[in-house]
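One structure is given below, encoded as structure tokens.
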Amino acid sequence: MVTIRQAPPREEDQPISGLSPEGMAALQEIERRILWLSTLIVHHANNVRENPDKPTKVGGHQASSASVVSILTALYFHFLQPGDRVSIKPHASPAFHACQYLLGNLDRSYLTTLRELGGLQSYPSRTKDPDPVDFSTGSVGLGAVAPVFAALASTYAEIKFGSVTSDRFIALMGDAELDEGNVWETVAEDAVNKLGNVIWIVDLNRQSLDRVIPGIKASRLKRLFAGAGWNVFEAKYGTWLESVMSAEHGDALRVRIDDMSNEEYQSLIRVDDGADLRRRLADVADRDWRNRILASVADVPDDQIQTLVANLGGHDLPKLIQVLNQADAANNAPAVIFAYTVKGWGLPMAGDPLNHSQLLTNEQMDTVREAFNISEDQQWDRLPEDGDAGSIVVSMAERLNVPREPVNIDVSELPASISARHPNRTSTQEAFGRTLLRLGEIPGVGERMVTMSPDVATSTHLAGWINKAGVFSKEEAHDFEGGAKRMLRWQPSPNGQHIELGISEMNLFMALSQFGLAGELCGQPLIPIGTVYDPFVCRGLDALIYGLYIDSKMIFAGTPSGVSLSPEGGAHQSTVTPSLGIELPNLLFYEPTFGQEVDWVMLEAVRQVADREHGKSSYLRLSTKPIDQKLMAEPLERLGEVELRRQVLSGGYRLIDRTVDTPNLSGSDVVHIATGGIMAPEAVEAARRLQEEGVAVNVINVTSAKMLYADLRDARRAQLSDAHRPLSLGHLETLIPQDERKAPIVTVQDGASHSLAFLGSAWGVPVVPLGVDEFGQSGSREAVYQKVGIDTAQIVNAGLLALDLAGR
């Protein structure tokens, strides 16, 4: 059985770690307890607790947790300070929960609930786990980079407001996470390359899910980090192995292990027989080299040579503490530590190429428990507080558990309407830019606003805001134009409120998500507002989903959108984004048509950000297509501003009401045209033509298909729970009253046609859905509309077809 042991505490390590041999022995006792508890948590979930889904196993990662127990011990029981925020690699969830249990942040009853409904989550979750999680992880690479953008938010907030509750931002990540492209997008981001409060720790165990990673690529990765301006450190060998390598003939041992392939090293440390391991270690062609290798380890007994060869820096507490202190001191840029570890360290599966999902047997668990001197009746216990290890735990719990008073965004002066002045003909994108300026003038709101974009600020209409609020930088940038007047005043300084990122939509949404949690992470809530070309929302979709999953509060505008951006061609024309807006949880989705709608929606979005408990993020799908604002005059007069605003925020309103617009057609056939956002002018014109044919038409301006679909979904769920409950479809009943619910519906969307097609199922009537179900191309707007079938003539034809399908 392979069980790699801890290197014994040594007197000569005290100057390195600052701990006496007794203090180091106590820290190692904590390390063993974390390893035991994390292994036991997974074992209980799979082999003790009843599994109703057999033969499917519950899962968990004993080996992946074992590879980081030393790092977690160094962090949580020595290095961390109040305000430090830590991201934990996904597969180390059991080890993380073991740490929180020892610190008193997790009740013992939860230890037996791994992957159980309402219990410990498979991967750390800040919204679903019962203990305090700083960063959710699970989709590899995302949780790793989140602390970087949280550090940017903290730096911004500290400059703006003078104080924050956060200190350092630390990510413990698996080495395979460095295969993810978003990690390198973050490393290359100029906006973060001077953040001195970021430390990444790479768990370099050289194993993936299926194999030992061939070759040695750590040196190449280090060069990439250094080239991006990061401070690079490594905990490669432990202090014992380093001392042997530094002694006579030790250089031969260093070269031998340095040049060894990952596969050979993993195989070597699994050799139990000391004499055989010694022979294989010296198995080189050159006789002198072989003799020098043997001489370097001549004083190491056979029963200890495995421990020596496996004495990697990532499992050596003195070395880890030393390197963490070095990384902390290098505060001119982000730091990365490559901590060399063994997957499954300290367990019988250590170094096994296939140990990723392996589980220890009952017999192996008993052997490990006995080796750790833990009795069966005390296997779930914390460490005794009166012991050296227990006193360290108590001291760290008191240090880290500092209560913080939350700061809230004051929306008491936020009006119902800001009445931005919009010209008679304008686009929603232009209206968005004007609205931002007015929002920035509201006390308690303006100073909390921060905008960001991935190098598309001017083309998404942020120029006016930038001229007023400025561009943010930690340091004042030199003005090479000498203060000359310019159309765009791009002068970065600590006073600015706009952050310009490189062309990375992943970075945009990661930044928005962390700025949207600034209140929770650094004690200063912010109102993050991003802009992105709508087709490239999909480029950042993983990061967007991550932000919504962690319950961040952010606002973003996808603009320009649809084939209405006709000259740009199919690569810049979005079609599926309305579906994303409808389907993603924790997100409000709006497609406004008029400038006044943009004002109301943005005010509501700010209210949502301020509501830390129940608020949601908001997505505005906007366009550069100019719209005649006078089209809104009739419903504004008919409904009044208060009611119209309510209906806009509820999901839609009647832009044309047949009972008012064409009372002479009261006995005629009726068709509803439901239009999403900027297709309103074509819908109105189609209604006029149908009216000329004697057809009564209601034009429903759908400002939020998500709100309307939610009404329908909630009604159906209510019926499932109580079949006798009176049916209520919420705002849908306002839009289509009782006497018009048999009329067919035409839906038209500058996006996928299915996104509004659900409306017919509310009343069980025929629907003719129009939309963009093919990739676009360059052309005039009208020509492209005709090509994809959303022009006025096609809407008219759809109305006639709908009536025919309804048997009218």
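Here the sequence shown is numbered in the numbering used here, starting from -12 and rising by one per residue. In this text, a Cβ means the ideal position worked out from N, Cα and C, and glycines have one as well.
DSSP assignment within the region 484 to 567 yields the following whole beta strand (DSSP E) runs of 3 residues or more, N-terminal first: 485 to 487, 514 to 519 and 542 to 545. Contact between S740 and P756 holds: their C-beta atoms lie close to 4 Å from each other, under 8 Å.
The beta carbon of G128 sits closer than 6 Å to those of E164, E167, N169 and V170, all from its chain and outside the five residues before and after it, given in chain order. Counting every other CB atom within 10 Å of its CB across the protein chains shown gives K612 a total of 16 or more, marking it as buried. Under the DSSP definition of a beta bridge, A326 partners with D190 and A222.
Scanning its chain for C-beta atoms nearer than 8 Å, with the 5 sequence neighbours on each side dropped, one finds around Q87 the residues L93, D118 and P119, in chain order. The three-state secondary structure of P402, taken from DSSP, is coil. Under a 10 Å Cβ-count criterion, G510 is classified as buried, with 16 or more other Cβ atoms of the shown protein chains found around its own Cβ.
Residue range A667 to E679 is occupied by the alpha helix (DSSP H) that includes R676.
Per DSSP, reduced to three states, the secondary structure at H601 is coil, with no helix or strand assignment. With respect to the 9 Å criterion, E463 and S446 are not classified as neighbours on the basis of their beta carbons. Nearest to L618 by alpha-carbon distance, out of N278, D648 and V682, is D648. Distances from the CA of V35 to each of I542, V242, T348 and P288 were compared; the closest alpha carbon is that of T348. For I157, there is no enclosing alpha helix (DSSP H); the residue is part of the beta strand (DSSP E) that begins and ends at F156 to G161.
At a Cβ-Cβ threshold of 9 Å, V323 and V179 do not count as neighbours.
When DSSP states are grouped into helix, strand and coil, H448 belongs to the coil group. Collapsing the DSSP output to three states places S715 in coil. Residue state for S440 is assigned as strand, using DSSP reduced to three classes.
Boundaries of the alpha helix (DSSP H) harbouring S4: Q1 to S4, taken from the DSSP string.
A check of alpha carbon separations from N388 across A140, G70 and G237 identifies G70 as the nearest. Here DSSP, grouped into helix, strand and coil, assigns Y110 to coil. Rounded to the nearest whole angstrom, the C-alpha separation of F745 and A692 is 9 Å.
Residue I280 holds the alpha-carbon nearest to the alpha-carbon of L268 among D260, R257, R274 and I280. When L571, M541 and Y252 are compared, the shortest CA-CA separation from C525 is found for L571. Per DSSP, I361 lies in no alpha helix (DSSP H) and is assigned neither H nor E.
The criterion of a C-beta distance shorter than 9 Å is not satisfied by H78 and L101.
Taking C-alpha positions only, S52 is separated from S25 by approximately 7 Å. Annotation: G10 is outside any beta strand (DSSP E); the continuous alpha helix (DSSP H) that includes it extends over P8 to H30. The criterion of a C-beta distance shorter than 9 Å is not satisfied by L401 and G374. Under the three-state reduction of DSSP, A683 is assigned to strand. Of all alpha-carbon atoms in T438, L528, R243 and N395, the one lying nearest the alpha-carbon of D273 is that of R243. According to the DSSP assignment, V174 belongs to the alpha helix (DSSP H) that extends over G168 to V174. With fewer than 16 neighbouring CB atoms inside 10 Å of its own CB, P713 falls in the exposed class. Between V550 and V759, the C-beta gap is smaller than 9 Å, which places the two residues in contact. Of the candidates P441, L504, E(-2) and Q736, the residue whose Cα lies closest to the Cα of T173 is P441. Taking A661 as reference, the option from I486, A789 and V151 with the minimal CA-CA separation is A789.
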